Amino acid sequence: MGIPVSYQTRTNFISGYQADAKGQVWQPINSKVTRVDASSHYEYQIPQGDEVFTVDESSSRRFTRTTRVRVEKESGLILDSFQQEDISVTQPLEDGKCVAKARCRVFNMKGKKIAEQDIVVYHQRLEEFKPIDEFAGEDYAKGLANYLIAEGKPELVPQAPHDSRKLSELQLEILNQQEENSALMKTIKSTRPSPNLPD
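Numbering of the sequence shown is given in this note's numbering, commencing with residue 9 and proceeding in unit increments.
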């Protein structure tokens with residue numbers, strides 16, 4: 009409606025699962041449901057696609073499309089559902105901190121655009137990078153190796169063994185929460201017939 013609105017949300021997430029032979033950090037395409045904590049509700053964000061346009065030392069530019077489901081904390085009932093497309097540019101501020109500025113477009117269940125807005129997200133590193141080789145049946149180390157070989161970059165495949173690396177407590181907490189979120193989405197109650205969420 010053209011009226012600026014400010015409110016805060018918070019979530020923990022993992023950025024970077026693997027490092028190649030040159031130390032460059034790689035992120036798999038995310039298919040897990042994340043949950044953002046607001047004052048009166050949770051917002052579950054279900055990925056529908058994620059593509060990094062450009063990455064360099066000064067910024068990264070990314071397009072994402074997600075289905076969002078907002079659930080009231082107290083009752084567990086669905087408040088709203090919609091699809092959102094974001095184009096975001098992330099830039100470092102100082103060591104361990106960066107800012108993402110995004111242009112968001114929101115669509116209703118019929119695919120009609122109902123809002124367009126700008127948001128700002130501040131990221132703060134909670135712990136140093138540590139590779140995630142596998143979790144919940146996903147072998148990220150093998151996946152990166154296969155991708156690099158398929159792209160004609162076998163020299164980037166890391167050679168160090170990874171079977172002895174353990175996840176940190178924070179990594180386990182975030183990864184387990186994502187698994188719970190994905191399972192929970194199948195059980196959420198609704199006050200009206202289940203909507204056909206947009207593709």
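All C-beta atoms in this analysis are idealised placements derived from N, C-alpha and C, irrespective of residue type, glycine included.
Computed from a prediction, not measured in an experiment: that's the story for all the values here.
- For Gln132, the enclosing beta strand (DSSP E) covers residues 121-132.
- Looking from the CA of Tyr15, the closest CA among Asn38, Ser47, Gly31 belongs to Ser47.
- Lys105 is bridged by DSSP to Glu102, Gln132.
- For Glu181, the enclosing alpha helix (DSSP H) starts and ends at 177-192.
- Distance between Ala144 and Ile11, taken at the CA atoms: about 44 angstroms.
- Within its own chain, the residues whose Cβ lies closer than 7 angstroms to the Cβ of Phe21, once the five positions on either side in sequence are excluded, are Thr42, Ile182, listed in chain order.
- Assigned with DSSP and collapsed to three states, Pro162 falls in helix.
- Annotation: Lys105 to Gly24 spans about 15 angstroms, alpha carbon to alpha carbon.
- Nearest to Ser66 by alpha-carbon distance, out of Glu102, Ala153, Asn154, Leu175, is Glu102.
- With distances taken between CA atoms, Glu135 lies nearest to Glu177 out of Lys120, Asp88, Glu177.
- Residue pairing of Ile95 in beta bridges, as defined by DSSP: Phe71, Arg111.
- The three-state secondary structure of Gly24, taken from DSSP, is coil.
- Between the segment 80-93 and the segment 111-118, the count of Cβ pairs shorter than 8 angstroms is three or higher; the stretches touch.
- In this structure the segment 65-81 touches the segment 49-57; the number of beta carbon pairs closer than 8 angstroms is three or more.
- According to the DSSP assignment, Thr42 belongs to the beta strand (DSSP E) that extends over 42-45.
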